[in-house]
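Start counting the sequence shown at 3; every next residue gets the next number (my numbering). Each residue gets a CB set at the ideal place from its N, CA and C atoms; glycine is no exception.
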Amino acid sequence: MLKEEIIENMQKIVSECMGEENPACVTTCPMHTNVKEYIRLLREGKGEEALLTVREKLFLPGTLGRICAHPCEGKCKINEINSPMSIAGLKRYIADHYDDEKLWSLEKEDYKNKNVAVIGAGPSGLQSALDLIRKGYGVTVFEKLPVKGGMMAVGIPEYRLPRNILTREISYLEKLGVKFRMNCEIGKDIEFETLLKDFDSVIVAVGKHKGRVGTNLSSKNILSASSFLKEAALSKDKKLDLGKTVLVVGGGDVAMDCARTSRRISGVEKVYSVCLEGSFDEMTASKEEVKGAFEEEIEFLHGYGVKDISLNDDSSIDKITLKKCLSLFDENHMFSPKFDENQLRDISCDTIIFAIGQEVDNSFANNLLSQKRNSTFECDRETLQSKDIEKVFITGDASGESVIVIQAMATGRRAAESVDRFLNNKDLKEGREISNTSSYDTKLRRDVDWTDILERRVSMPHLDPKERIKSFEEVSLGYTQEQAQFEADRCRQCECRLCMKECMMLKDYTSCPKELFRDYLEKGYQHMEKMIAFSCNECSQCTIKCPKDLDLKSNFIELKRQYIRDNGNKQVIENLLDSDRIQALECNPTYCTSVQDKKSPKYVFVPGCTIPAYKPELVEKVYAHLKETLGDDVSAMLRCCGKVTNMIGEEDKFKIRNKMANDEIEKIGADTIITICPSCYKTFVSTSGKKVISYWDLMREKIGLPKESLNKGINSDVVFNIHDSCVTRDISSHHENIRWILKELGYKYEEMNNIKENTRCCGVGGMVCSSNPALYEKIYTRRANDCTQDSVISYCGSCRGTLEAAGKDSLHILDLIFGDTYTESTFEKRSYKSEDEMWEHRLLTKKLLDNTK
């Protein structure tokens with residue numbers, strides 16, 4: 003059984019790891035379109051794949067690419083330093099260039115012999131119909147207008163959304179089998195009660211088509227925004243008589259649609275836009291729409307409200323009197339405008355259009371559905387089920403859960419899922435998250451490298467203002483291929499997975515730590531592949547890269563130990579049996595010794611295992627230097643610290659072998675341990691209870707370099723890289739003092755990639771060299787590729803050997819301190835050639851130390 007603290011750590015990783023978190027552009031989109039993925043595909047030249055990615059969530063890519071309010075762009079990471087990605091613009095480009103009907107999937111489940119009525123062919127009703135037809139239900143959409151699309155067809159002007167684009171995309175539903183009853187008004191042509199009787203479920207998606215007018219006066223020239231835009235959309239060639247001067251009241255996008263539409267109507271010469279807001283920046287309309295209106299010579303009157311409207315005897319408009327707005331909100335931030343009734347302005351005009359909001363028309367329901375004060379129907383927010391009739395579900399604007407098209411579509415999807423559950427007698431809420439069909443804040447938090455960020459977003463080309471006001475031709479022309487490519491290249495592809503980009507082991511087994519440790523918790527460690535844990539280098543790079551400093555290494559270390567405990571304290575990875583055998587020999591008296599000149603010397607020199615096996619004479623020379631500078635106050639111990647046993651999970655053996663080393667140090671009586679091996683350094687720091695100092699730090703702090711080594715490399719033609727040990731990545735004195743030593747020696751060096759505290763493991767860590775040789779080779783090859791020079795210096799014996807195996811001219815720092823001047827002509831392979839030679843070197847080291855007694 004795993005220790006409780008390890009289980010808790012796994013749970014912490016599953017809870018906090020951001021590896022599966024979507025970027026803000028995806029979470030902010032109520033339909034959770036995979037923005038990151040389709041932009042990636044587009045910039046890789048995979049347009050059709052990008053289109054299919056968009057269509058996984060959206061059946062109106064061309065429409066939404068033109069008219070979506072794109073809340074995703076407001077949360078784009080690039081807002082931190084620059085203008086956001088043109089997400090909608092790229093979606094439009096993908097749809098315009100790659101949306102071939104041959105790519106439209108017509109797959110759906112078999113007919114379930116149940117039928118659903120949808121009232122309203124707007125975005126929410128269409129989305130519900132699409133999702134339900136795919137699930138095998140019969141779907142009939144009832145629409146009182148002669149056109150499909152709801153407010154997309156009669157509320158959004160054609161210069162923003164060409165009707166052929168919308169009509170083509172909606173035809174997808176007909177191809178799937180959705181039936182449409184057009185010009186059919188519920189409550190008149192068919193009673194609401196009839197739908198309740200004839201269909202298994204009813205979705206109410208009527209939208210807000212009832213416009214508000216800020217006066218009780220009656221005049222054919224005082225219009226609501228919704229009635230005006232509908233008439234303009236449906237009239238086609240029929241000319242609207244608005245007169246010469248039009249005044250639009252309101253500061254939102256609908257007001258801009260009314261003003262810009264009026265500007266295109268024959269006979270109109272002047273258009274005013276009046277709003278309570280005191281400036282362009284305060285207006286709720288999008289900057290893009292305000293800019294378009296300004297370019298089309300709409301005259302803005304900021305900071306005014308309507309005081310009075312004067313009519314002529316024939317009910318035509320004489321003038322409108324405006325009053326100055328002093329403030330919009332009260333001390334509680336509630337909307338409560340205050341006016342100066344004495345600061346007035348008269349405007350002569352022929353038509354007044356009020357764009358001050360819309361309401362839901364409930365006349366179709368015969369009072370069977372209760373409404374809130376804001377005119378929306380009472381329904382459960384999570385399921386959208388009506389509070390009055392259980393088989394009725396409310397969606398879109400009528401639900402109070404949406405104000406823009408993409409939100410309406412998301413509520414349509416939410417309602418469709420509820421209907422599916424309802425018709426299958428399933429709980430409507432169990433296992434559901436409202437965030438699946440609404441915007442939510444991403445948990446993804448990470449810094450972004452802005453050094454290579456491209457210029458500001460590409461502005462989409464538009465028709466010339468003087469030309470575009472002559473017709474309802476589309477104003478925005480869309481991106482060219484070059485513009486779309488440039489814009490796509492700006493995307494940061496926001497994600498975390500920094501550990502995955504760094505750790506070569508994790509990439510072999512999982513998509514991110516959250517997934518991996520969720521599997522450990524759900525399946526049980528016994529059912530997970532053991533090699534996962536035994537492939538960890540224990541280098542801590544995952545934690546260093548993690549923005550939340552999550553600790554993965556401790557889990558893998560304990561997993562190795564637990565697998566061995568479960569196996570009767572026997573090694574479970576066959577490849578590691580040899581490592582255990584070698585460790586046992588390194589602790590055997592045959593290969594161990596201790597030397598001292600006096601009782602209880604202050605220092606004990608511990609050379610470790612790799613340098614004695616590499617070059618015995620280096621151990622002899624280090625000890626000689628220590629004796630020369632510290633006298634008989636230094637002793638030596640040739641014995642393994644046991645680190646390898648610990649790395650391969652054999653905890654009990656490690657404790658025994660490490661105790662043997664510490665007991666020997668106690669017997670010697672020294673209170674300070676001198677190391678040349680990073681693993682020995684860290685092991686004795688954690689187990690000995692004594693002061694531990696590296697030979698490199700000791701030379702800098704106390705004894706200096708051997709005098710004969712100073713400046714020996716000043717004429718060398720070699721430039722070295724320095725590979726820092728991952729074991730002591732947190733010991734900055736080691737990093738700095740190795741560099742100090744090279745300078746004192748006179749050798750030139752150049753920093754390689756990933757150094758000091760950010761160094762990478764050479765591949766030996768965790769004894770992956772033995773447990774997973776294929777992974778080991780990939781890791782050391784990558785580390786070798788970090789080098790910028792052919793020759794590399796290490797201060798770990800294992801690292802030195804590994805980098806030589808990777809093809810580098812690899813030396814230990816001791817080679818330079820005690821060897822002859824190193825030049826390109828002295829390049830050579832240095833590793834022992836066989837295990838027998840390794841043990842011969844170890845015996846020779848023992849002999850050399852014994853000779854100093």
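Handout entry: DSSP state of Tyr139 mapped onto helix, strand, coil
Key = coil
Handout entry: Contacts around Cys496, its chain only, beta-carbon distance under 6 Å, and the 5 residues preceding and following it disregarded
Key = Pro25, Lys79
Exercise for the section: May I have the straight-line CA-CA distance separating Ile252 from Cys277, to the nearest angstrom? Expected result: The question names Ile, yet the displayed sequence has Gly at residue 252. Gly252 and Cys277: Cα-Cα distance of roughly 5 Å.
Exercise for the section: Pick helix, strand or coil for Thr468, following the three-state DSSP scheme. Expected result: It should be noted that the sequence gives Lys, not Thr, for residue 468. Helix, per DSSP.
Problem - For Val273: DSSP bridge partner residues - result: Val248
Handout entry: Alpha-carbon to alpha-carbon, Ser836 and Asn557
Key = 35 Å
Exercise for the section: Check whether the Cβ atoms of Gly122 and Val56 sit closer than 7 Å, and answer yes or no. Expected result: no
Handout entry: For Pro339, the three-state DSSP class (helix, strand or coil)
Key = strand
Problem - Met87 in three-state terms, based on DSSP - result: coil
Practice task
Output the distance between the C-alpha atoms of Val215 and Glu524, rounded to the nearest integer angstrom.
Solution key: 59 Å
Exercise for the section: Taking the CB atoms as reference points, tell me whether Tyr749 and Ser772 lie closer together than 7 Å. Expected result: no
Problem - Residue span of the beta strand (DSSP E) that contains Ile695, given as start and end - result: 693–696
Practice task
State the DSSP-derived secondary structure class of Thr854, mapped to helix, strand or coil.
Solution key: coil
Practice task
Evaluate contact between the stretch 735–744 and the stretch 775–792, counting only Cβ atoms and requiring at least three cross-stretch pairs below 8 Å.
Solution key: no
Exercise for the section: Just tell me which of Thr761, Cys260, Asp491, Gly49 has its CA closest to the CA of Gln543. Expected result: Thr761
Handout entry: 6 Å CB neighbourhood of Pro339 in its chain, flanking five on each side removed
Key = Leu278, Cys327, Leu330
Handout entry: Below-7 Å beta-carbon distance, Phe488 vs any chain C residue
Key = No chain C appears in the structure shown, which is made up of a single protein chain.
Practice task
Figure out for me which residue from Ile650, Pro549, Lys114 has the closest Cα to the Cα of Lys562.
Solution key: Ile650
Practice task
May I ask you to report which of helix, strand or coil DSSP gives Arg347?
Solution key: strand
Exercise for the section: Under 8 Å by Cβ, that's how I've got Val450 and Ala400 pegged, so tell me the actual separation to the nearest angstrom. Expected result: So it is not a contact: roughly 40 Å between Cβ atoms.
Practice task
Would you grab the beta carbon distance between Arg459 and Gln129 for me? Rounded to a whole angstrom, and I think it's under 8 Å.
Solution key: That belief does not hold up - the Cβ atoms of Arg459 and Gln129 are roughly 29 Å apart, past 8 Å.
Problem - the stretch 577–585 / the stretch 802–816 touching (three or more Cβ pairs under 8 Å) - result: no
Practice task
Compare the C-alpha of Gly280 against each of Tyr306, Arg262, Val273 and name the closest.
Solution key: Tyr306
Handout entry: Counterpart residues of Leu324 in DSSP-defined beta bridges
Key = Val308, Arg347
Handout entry: Beta-bridge pairing of Gln387 - partner residues as DSSP gives them
Key = Phe395
Exercise for the section: Within 10 angstroms of the Cβ of Asp699, are there 16 or more other Cβ atoms? Answer buried if so, exposed if not. Expected result: buried
Problem - Proximity test, Ile96 beta-carbon vs the ligand MN heavy atom, cut-off 6 Å - result: Among the ligands in the structure shown, none appear at all, so the ligand MN cannot be discussed.
Problem - For Arg567, three-class secondary structure by DSSP - result: helix
Exercise for the section: Identify which residue in Asn115, Glu652, Val256, Leu178 has its Cα closest to the Cα of Ile69. Expected result: Val256
Exercise for the section: For Tyr605, name the three-state secondary structure that DSSP assigns. Expected result: strand
Practice task
Evaluate contact between the stretch 704–718 and the stretch 649–663, counting only Cβ atoms and requiring at least three cross-stretch pairs below 8 Å.
Solution key: no
Exercise for the section: Let me know the secondary structure DSSP gives Glu361 once reduced to three states. Expected result: strand
Practice task
Inspect the CB distances between the stretch 131–146 and the stretch 154–161 and report whether three or more fall short of 8 Å.
Solution key: no
Problem - C-beta contact flag for Asp202 and Asn117 at 7 Å - result: yes
Practice task
Mind the definition here: the stretch 493–507 touches the stretch 530–550 only if three or more C-beta pairs lie below 8 Å; say whether that holds.
Solution key: yes
Exercise for the section: Using 10 angstroms around the beta-carbon of Gln585, count the other beta-carbons present and answer buried if the total reaches 16, otherwise exposed. Expected result: buried
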